[in-house]
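Student: In our numbering, the protein residues as written are 7 to 417.
Take a look at this one; I'll ask things after.
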Amino acid sequence: MPTCQPANVPTIEEQIALLRRGAAEIIPEDELRVKLEKAAQAGRPLRVKLGIDPTARDVTLGWAVVLRKLRQFQDLGHEACLIVGDFTAMIGDPSGKSKTRRQLSREEVQGYVEACTQQLFKILDRDKTRLFFNSDWLGKMTMHEVIHLCSKYTVARLLEREDFSKRLAEQKPLYVHEILYPLCQGYDSIAIQADVEMGGMDQKFNNLVGRELQREVGQEPQVVFLMPLLVGTDGEEKMSQSLGNYIGIAEPPFEMFSKVMSIPDKAMEQYFVLCTDVPLDEVQRVLQDPYAAKKRLAREIVTLYHSADAAQAAQEQWTHIFSQRKIEAEEAPTIEVQRQWLSEDGTSRLIEFIRLIGFAPSNSEARRLIQQKAVEINGNVIADINARIAPQDDMIVKVGKRRFGKVKIVG
RNA sequence: GCAGGGAUGGCCGAGUGGACAAUGGCACCAGACUGUAAAUCUGGCGGCGUAAUGCCUACGAAGGUUCGAAUCCUUCUCCCUGCACCA
């Protein structure tokens with residue numbers, strides 16, 4: 007070959023096929039093809055935009071779905087443009103019931119970004135990532151410019167959004183700033199001249215507004231690339247930090263493995279497709295045996311964010327603890343027991359002990375757990391609420407299925 | 001500003017003077033079953049307490065009436081809806 011391209015560069019069709027995996031919608035797909043071709047010819051990377059909300063704390067597997075797709079774009083030579091929505095966060099995305107939030111200071115936003123960066127770059131390629139803050143342009147717009155922007159879009163079109171029209175029909179309040187929100191987000195696309203905007207399905211409307219606005223100002227409209235919303239560990243609601251049904255990519259291997267094992271079977275296929283790189287035909291084969299499939303899934307995910315060794319170790323530990331229900335001393339996390347919690351003879355009321363080590367929030371709750379035979383000391387169920395125990399180093403305490411540890415007396 | 005509606009435990013939502021720590025549903029927790037899946041069954045689900053027909057705190061806030069209030073009265077705060085006013 008006369009070109010200097012490495013032999014392993016995929017064709018446009020191969021690229022499309024790769025990108026399509028798991029994608030919910032690509033609007034429109036043939037425009038993406040054209041953009042990819044043009045980029046390849048011109049040797050110019052596409053600018054792939056993704057908005058990030060500076061109030062999220064951890065990167066979850068759900069968020070990772072979009073990030074992983076973005077990473078694929080990077081691997082194909084394109085450029086990720088992360089827009090930190092520090093200005094729009096102040097308004098609050100109307101998709102929630104969120105009230106107007108206070109303006110975050112630049113320092114706060116900066117601090118947030120730094121905290122998040124480490125997790126973000128577990129997935130993204132740092133060298134192909136650019137970071138923007140939308141307060142840089144939104145915060146500097148004059149009233150004149152705002153009105154000019156508003157003149158590019160009609161109210162009727164903004165009301166096409168389902169939750170807007172619904173609220174209007176139900177005579178629920180709909181505030182002006184809320185319908186302006188999509189315009190702000192859309193303006194971000196203009197500001198950075200996005201070629202593609204990534205997002206979850208919940209961002210469809212907003213992203214399409216960006217596309218239209220770009221057209222209005224004479225920019226080539228962005229392709230809207232949408233990923234499905236990953237269900238949470240409950241298998242019902244979308245994964246979100248506020249619902250507490252999430253798996254964070256920074257969680258330790260054992261936690262991660264356990265959480266994946268606890269998702270409902272019906273969610274497995276989606277997790278395989280969106281959270282792993284297992285080929286799709288193999289996924290179908292693996293799913294024939296649900297139990298083996300789930301362990302495979304958990305291994306795959308832990309491998310991705312930790313290592314194959316960590317995944318193997320996590321699985322072994324999981325098997326011991328939950329499948330065989332034996333807790334090995336070396337596997338149990340340490341419970342620090344303050345010597346002052348014990349009376350002079352070195353014993354403690356079990357009820358209080360359970361509360362003090364944090365396995366129950368109150369004595370009443372501890373009492374209930376004991377009555378319900380949920381408490382085990384060194385493998386023996388203790389159901390007497392008046393029991394006293396004599397904690398010693400390496401004593402194994404287990405409460406319910408998930409709370410367990412090994413005593414270490416300190417102080 | 002006017003008129004009407006509302007504020008109850010994590011959420012939804014009953015309750016209009018005592019038997020209400022407050023029906024019911026959801027969520028959650030525990031046990032059984034199992035693959036820590038799903039489904040199902042059982043129990044639990046403010047705190048303190050060895051226990052009690054026990055004590056404390058709780059039904060937006062503060063007072064009041066009463067032997068007794070989530071329930072009645074007064075004031076206040078907040079939210080919602082409609083109308084008006086202003087531009």
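C-beta: ideal position from N, C-alpha, C; glycine also.
Just so we're clear, the structure is a prediction, and the values are computed from it rather than from any experiment.
1) What are the partner residues of THR66, as DSSP defines its beta bridges?
2) Assign ILE153 to buried or exposed, taking buried as 16 or more other Cβ atoms, counted over all protein chains shown, within 10 Å of its Cβ.
3) Figure out for me which residue from VAL65, VAL229, ARG221 and SER171 has the closest Cα to the Cα of ASN251.
4) Check whether the Cβ atoms of VAL413 and PHE365 lie closer than 8 Å to each other.
5) Between GLU218 and TYR187, what straight-line distance do the alpha-carbon atoms span, to the nearest angstrom?
6) Would you kindly work out how many angstroms separate the C-alpha atoms of LEU130 and GLU261, rounded to a whole number?
7) Quick one: any contact between the region 261-273 and the region 237-245, if contact means 3 or more CB pairs under 8 Å?
8) Provide the residue span of the beta strand (DSSP E) that contains LEU88, from first to last.
9) Put LYS300 into one of helix, strand or coil per three-state DSSP.
10) In its own chain, which residues sit with a C-beta less than 8 Å from the C-beta of GLN346, not counting the 5 before and 5 after it?
11) Would you decide whether ALA86 is buried or exposed? Buried here means 16 or more other CB atoms lie within 10 Å of its CB.
12) Let me confirm a value: GLY254 is counted as buried when at least 16 other C-beta atoms fall within 10 Å, else exposed. Which label applies?
13) Can you have a look at MET401 and say buried or exposed, based on whether 16 or more other CB atoms are within 10 angstroms of its CB?
14) From this set, GLU358, ARG373 and GLN220, which residue's C-alpha is nearest ILE395's C-alpha?
15) Kindly indicate which three-state DSSP category LYS265 falls into: helix, strand or coil?
16) Closer than 7 Å by C-beta to ILE360: which residues in its own chain qualify, once you throw out the five before and the five after it? Chain order, please.
17) Counting along the chain, where does the beta strand (DSSP E) carrying LYS412 start and finish?
18) Report the option in GLU184, ASP169, TRP69 and ILE185 whose CA atom is closest to the CA atom of LYS128.
19) Measure the beta-carbon distance from LEU76 to MET204 and round it to whole angstroms, keeping in mind my assumption that it falls under 8 Å.
20) With PHE127 as the anchor, note down where its beta strand (DSSP E) starts and where it stops.
21) Would you kindly report the start and end of the unbroken beta strand (DSSP E) that includes LYS55?
22) Who pairs with GLY205 in a beta bridge, going by DSSP?
23) For the structure I just gave you, are there three or more beta carbon pairs, one from the region 216-230 and one from the region 186-201, closer than 8 Å?
Tutor: Let me lay it out:
1) GLY254
2) exposed
3) VAL65
4) no
5) 15 Å
6) 23 Å
7) yes
8) 85-90
9) helix
10) GLY417
11) buried
12) buried
13) buried
14) GLU358
15) helix
16) ALA366, ALA372, LEU375, VAL381 and VAL405
17) 409-416
18) TRP69
19) 5 Å
20) Here PHE127 belongs to no beta strand (DSSP E), and DSSP marks it neither H nor E.
21) 53-58
22) LEU232
23) yes
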